[in-house]
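**Q** This is the structure I have questions about; it appears just below.
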Amino acid sequence: MEMKMFLPLLLLVCSVSTAERLTEQQTFTQDIHAVLRKMSAWVAALKVEVQQLQRDNEVKTTELQSLNKRYQGTDFIRAKVINKEETQVKKLQEQNQAKHLAFSASLLATGQGHTGPFNTHINLIFKHVVTNIGNAYNPNTGLFTAPVRGVYHFEFHIHGHGSNNPTSAELVKNRQQIFTAWTSQPAGGQKASNGVSLLLEIGDVVFLRMRANSWIADTAGHHTTFSGHLLFTM
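Here it is in structure tokens:
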């Protein structure tokens with residue numbers, strides 16, 4: 001009798017225990033699913049945030065590249081402006097320096113003597129240079145070379161001794177005879193002078209040339225001279 005009553009009771013206990021375990025498993029599974037859902041939502045939100053950060057980074061990169069290009073362009077313009085200003089300053093300095101042009105020289109460096117006469121024209125080289133501001137006059141060739149376009153004034157004085165040959169010289173621009181100084185007498189000292197203002201282009205040359213069959217003298221007192229200076233630029 002007791003045995004018959006125990007067996008149903010045992011079955012009831014086992015049944016209750018099994019039901020409890022099933023309930024616990026269902027609850028645990030539900031909890032896991034809830035956690036997984038939360039994690040999935042968090043991952044999705046994180047992915048969206050990462051994508052937004054990537055887009056923001058791309059925008060910032062584009063802006064940075066644009067700023068860099070603008071900076072490079074500004075730097076190039078600044079360098080160009082500085083270079084232009086330096087060129088202008090240099091040009092102004094050259095122009096200002098070119099405005100100061102003057103020379104004066106006599107025929108002989110030392111002592112006294114005469115040149116000529118010759119049966120052809122001879123270029124005169126004035127070797128005793130007193131002034132040569134701007135170095136436009138070359139004492140090795142006797143040529144004055146215009147460094148700037150402008151109006152120049154030249155004067156020349158020639159000295160000689162009386163003889164059958166005259167004392168004569170002419171001022172030449174490039175190959176063109178411009179003005180002449182001429183004097184002649186049988187005895188004693190003689191002197192002739194002339195002057196001219198000329199418009200010269202850059203590179204034009206001016207010099208004195210002794211005429212054929214003439215002779216010119218100079219002394220330690222420097223009587224035979226050639227001078228010139230820039231009046232103004234054009």
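For the sequence shown, counting from 1, position 186 maps to 186 in the UniProt record's numbering; every step adds exactly one. Built from N, CA and C at the ideal position, the CB exists for glycine as well.
(1) Please state whether DSSP places Met210 in a helix, a strand or coil.
(2) Got a sec? Which residues, its chain only, sit under 8 Å from Asn200 by beta carbon, not counting five neighbours each side?
(3) Going by beta carbon distance, what residues of the same chain come within less than 6 Å of Ser168, once the five residues before and after it are set aside?
(4) Measure how close the beta-carbons of Ala102 and Lys127 come, nearest whole angstrom, since I'm counting them as under 8 Å.
(5) Please work out which residues of its chain come closer than 6 Å, Cβ to Cβ, to Ser40, disregarding the five sequence neighbours upstream and downstream, and give them in chain order.
(6) Roughly how many angstroms lie between the CA atoms of Ala79 and Ser66, to the nearest whole one?
(7) Ignore the nearest five residues each way along the sequence and tell me which others in Leu143's own chain have a CB closer than 6 Å to its CB.
(8) From which residue to which residue does the beta strand (DSSP E) around Ser168 run?
(9) Does the distance from the CB of Gly111 to the CB of Ala220 come in under 9 Å?
(10) Is the beta carbon of Ser227 closer than 9 Å to that of Ala136?
(11) Using the Cβ count rule (16 or more neighbours within 10 Å means buried), how would you classify Ala192?
(12) At which residues does the beta strand (DSSP E) containing Asp218 begin and terminate?
(13) Three-state secondary structure (DSSP) at Ser163?
(14) Answer yes or no: do Leu198 and Phe154 have a C-beta to C-beta separation smaller than 9 Å?
(15) By how many angstroms is the C-alpha of Arg70 removed from the C-alpha of Gln52?
(16) For residue 241 versus Ile216, is the C-beta distance shorter than 9 Å?
(17) To the nearest angstrom, how far is the alpha carbon of Val50 from that of Val43?
(18) Return the CA-CA distance between residue 246 and His33, expressed in angstroms with no decimal places.
(19) For His100 versus Ile133, is the C-beta spacing smaller than 9 Å?
(20) Starting from residue 240, follow the beta strand (DSSP E) in both directions and report where the run begins and ends.
(21) Excluding five sequence neighbours on each side, which residues of the same chain lie with their C-beta closer than 8 Å to the C-beta of residue 239?
**A** According to the data block:
(1) strand
(2) The sequence as given places Leu at residue 200; Asn does not occur at that position. The answer, listed in chain order, is Ala146, Arg149, Gly150, Val151, Tyr152, Lys173, Val206.
(3) Trp182, Arg211, Ser214
(4) Not confirmed; about 18 Å, so no contact.
(5) none
(6) 20 Å
(7) Val205, Phe207
(8) 167-173
(9) yes
(10) no
(11) buried
(12) 216-218
(13) coil
(14) yes
(15) 27 Å
(16) The requested residue 241 does not occur in the structure, where the chain is confined to residues 1 to 234.
(17) 10 Å
(18) Because the chain in this structure spans residues 1 to 234, residue 246 falls outside the shown range and cannot be described.
(19) yes
(20) Residue 240 is absent from the structure shown; the chain starts at 1 and stops at 234.
(21) One cannot answer for residue 239 here, as it falls past the ends of the chain, which runs 1 to 234.
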